[in-house]
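Engineer: Submitted below is the structure of interest, expressed as structure tokens.
Numbering (UniProt numbering), first residue to last: 1 to 266.
Given below as structure tokens:
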């Protein structure tokens, strides 16, 4: 599928595009067996719901998308075709004023640019034809003292991309020893979440689980692993523990960040 100037997914063929015209092919792994459900952090639920909203309302393409029961309940919607209507999704998951997450962004954008996980020129070029990055987005990329993350309809795509970069680049055993590195899938570099990240300096795999942007205690790592098993993406049917798409990798980055700042499972 060809999509202009937008971040999209085509789940049937496992194609994915960063917020521009950069389609990639990925492996087609089997979905992992689901573990027992756990309570989700309210902010995690908000971001997951916002990611679903992005797919539905931000870009000009259509896809035959069936909300799974777990996702529908997470969104607070009935398990029916009507639940997929754009207006209901907007009302349910992303109010006009946006969603403020209980986690600070700090200087993570600046760190990722300095290490090369994000090539600033490539990143900015995506948004050049849309008028360029606004002041808030500039701060997220280059600022060193950002406050709490706020997701709105206007910045959701940018937030998804920078959290994707964080999840991919931050060192974590989930990436190194989890299903992403299982040899039966052909190696970690063949997934949409890795091969699809073309906004790094050099090859994305040169940054895969290589940087200590977010450090976790053993207890915090255990929490990230537990919660990541309970957050499923309807696009791929896999848990965040297997972040084979951009939404999964972004969610992993968010979970790591939240856990590092003292968020609990409740």
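Ideal placement from N, C-alpha and C gives every residue a C-beta, glycine not left out. These numbers come from a predicted model, not from an experiment.
(1) Is it true that the CB of residue 146 sits closer than 8 Å to the CB of residue 101?
(2) Where does residue 206 fall in DSSP's three states?
(3) Which value, in whole angstroms, describes the spacing of the CA atoms of residue 27 and residue 220?
(4) Please specify which runs of the beta strand (DSSP E), each continuous and at least 3 residues long, are wholly inside the stretch 126–158, giving them in chain order.
(5) Taking the alpha carbon of residue 152 as the reference point, which residue from 176, 202, 96 has its own alpha carbon closest?
(6) Which residue's Cα is closest to the Cα of residue 225: 252, 195, 164, 156?
(7) Report the rounded CA-to-CA distance for residue 216 versus residue 166, giving the unit in angstroms.
(8) Between residue 169 and residue 213, how many whole angstroms is the CB-CB distance? I'm expecting something under 8 Å.
(9) According to DSSP, which residues form a beta bridge with residue 211?
(10) Pop quiz: residue 192 and residue 119 are said to be a contact at Cβ under 8 Å. What is the actual Cβ separation, rounded to whole angstroms?
(11) Counting only C-beta atoms, is residue 233 closer than 8 Å to chain E at any point?
(12) CB residue 136 to CB residue 161, shorter than 8 Å?
(13) Taking DSSP as the reference, what is the three-state secondary structure of residue 179?
(14) Give the DSSP-derived three-state secondary structure of residue 218 in the structure shown.
(15) Kindly indicate which residue of 189, 113, 99, 173 has the alpha-carbon position closest to the one of residue 218.
(16) Output needed for residue 108: all residues of its chain with C-beta closer than 7 Å, excluding positions within five of it in sequence on either side, in chain order.
(17) Hey, how far is the Cα of residue 227 from the Cα of residue 247?
(18) Name the residue from 242, 103, 113 whose alpha carbon lies nearest to the alpha carbon of residue 182.
(19) By DSSP's criteria, residue 239 is part of a beta bridge. Which residues make up the other side?
(20) If we call anything under 8 Å between Cβ atoms a contact, is residue 116 one with residue 207?
(21) Quick one: Cα of residue 268 to Cα of residue 122, how far?
(22) In this structure, does DSSP put residue 201 in helix, strand or coil?
(23) By DSSP, does residue 110 sit in helix, in strand, or in coil?
(24) Enumerate in chain order the residues of its own chain whose CB-to-CB distance from residue 275 is below 7 Å, with the five nearest sequence positions on each side excluded.
(25) Please report the Cβ distance between residue 257 and residue 103, rounded to the nearest whole angstrom; I am assuming they are in contact, meaning their Cβ atoms lie under 8 Å.
(26) Here's the rule: buried if 16 or more other CB atoms are within 10 angstroms of the residue's CB, otherwise exposed. What is residue 144?
(27) Quick one: Cα of residue 185 to Cα of residue 106, how far?
(28) If contacts are defined as beta-carbon pairs under 8 Å, then residue 140 and residue 158 qualify, I think. What distance do you get, rounded to the angstrom?
(29) Apply the 10 Å Cβ neighbour rule to residue 264 and answer buried if 16 or more other Cβ atoms are within range, or exposed otherwise.
Structural biologist: Looking at the coordinates:
(1) Here residue 101 refers to the residue found at position 101 when the chain shown is read from its first residue. Here residue 146 refers to the residue found at position 146 when the chain shown is read from its first residue. No, Cβ-Cβ distance for residue 101 and residue 146 is not below 8 Å.
(2) For the purposes of this step, residue 206 is taken as the residue at position 206 of the chain shown. Here residue 206 sits in helix by DSSP.
(3) On the chain shown, position 27 is the one that residue 27 refers to. On the chain shown, position 220 is the one that residue 220 refers to. Reliability fails at residue 27, whose pLDDT of 49 lies under 50, so the model's placement of it is uncertain and the value that follows must be treated cautiously. Roughly 30 Å separates the two Cα atoms.
(4) Segments of the beta strand (DSSP E) lying fully in the stretch 126–158: 146–151.
(5) Start at 1 with the first residue of the chain shown, and residue 152 comes out as number 152. Residue 96 holds the alpha-carbon nearest to the alpha-carbon of residue 152 among 176, 202, 96.
(6) Taking the chain shown and counting its residues from 1, one reaches residue 225 at position 225. The candidate whose alpha carbon is nearest that of residue 225 is 252.
(7) Mapped onto the chain shown, residue 216 falls at position 216. Mapped onto the chain shown, residue 166 falls at position 166. Between residue 216 and residue 166, the C-alpha separation is close to 14 Å.
(8) For the purposes of this step, residue 169 is taken as residue 169 along the chain shown, with counting starting at 1. For the purposes of this step, residue 213 is taken as residue 213 along the chain shown, with counting starting at 1. 7 Å between Cβ atoms; contact.
(9) Along the chain shown, read from residue 1 onward, the residue named residue 211 stands at position 211. Answer is 170, bridged to residue 211.
(10) Within the chain shown, numbered from 1, the residue matching residue 192 stands at position 192. Within the chain shown, numbered from 1, the residue matching residue 119 stands at position 119. 19 Å between Cβ atoms; not a contact.
(11) No chain E appears in the structure shown, which is made up of a single protein chain.
(12) Counted from its first residue, the chain shown places residue 136 at position 136. Counted from its first residue, the chain shown places residue 161 at position 161. In this structure, residue 161 does not lie closer than 8 Å to residue 136 by Cβ.
(13) In the chain shown, the residue the question calls residue 179 occupies position 179. Three-state DSSP puts residue 179 in a helix.
(14) Position 218 of the chain shown holds residue 218. It is helical.
(15) Position 218 of the chain shown holds residue 218. Residue 218 has its Cα closest to that of 173, out of 189, 113, 99, 173.
(16) Looking up residue 108 in the chain shown gives position 108. If we look at residue 108 and ignore the five residues flanking it on each side, its Cβ neighbours are 166, 213.
(17) Taking the first residue of the chain shown as position 1, residue 227 is located at position 227. Taking the first residue of the chain shown as position 1, residue 247 is located at position 247. Each residue's alpha carbon lies about 15 Å from the other.
(18) Taking the first residue of the chain shown as 1, we reach residue 182 at position 182. When 242, 103, 113 are compared, the shortest CA-CA separation from residue 182 is found for 242.
(19) Walking along the chain shown from the start, residue 239 turns up at place 239. According to DSSP, which records beta bridges pairwise, residue 239 is partnered with 232.
(20) Residue numbering aside, residue 116 sits at position 116 when the chain shown is read from its first letter. Residue numbering aside, residue 207 sits at position 207 when the chain shown is read from its first letter. Yes; because the gap between Cβ atoms is below 8 Å, this pair is in contact.
(21) Shown here, the chain extends from 1 to 266; a query on residue 268 therefore has no answer.
(22) The residue labelled residue 201 in the question sits at position 201 within the chain shown. Note: residue 201 maps to coil in three-state DSSP.
(23) Within the chain shown, the letter at position 110 stands for residue 110. Looking at residue 110 - three-state DSSP - the assignment turns out to be helix.
(24) Here the chain covers residues 1 to 266 and nothing more, so residue 275 does not appear.
(25) Your numbering for residue 257 matches position 257 in the chain shown. Your numbering for residue 103 matches position 103 in the chain shown. Residue 257 to residue 103, Cβ: 5 Å. Contact.
(26) Indexing the chain shown from 1 puts residue 144 at position 144. By the 10 Å Cβ count, residue 144 comes out exposed.
(27) As a working note, residue 185 is residue 185 in the chain shown. As a working note, residue 106 is residue 106 in the chain shown. So the two alpha carbons sit approximately 35 Å from each other.
(28) As a working mapping, residue 140 is identified with position 140 in the chain shown. As a working mapping, residue 158 is identified with position 158 in the chain shown. So it is a contact: roughly 7 Å between Cβ atoms.
(29) Stepping through the chain shown from its first residue, residue 264 is reached at position 264. By the neighbour-count rule (16 or more Cβ atoms within 10 Å), residue 264 is not buried but exposed.
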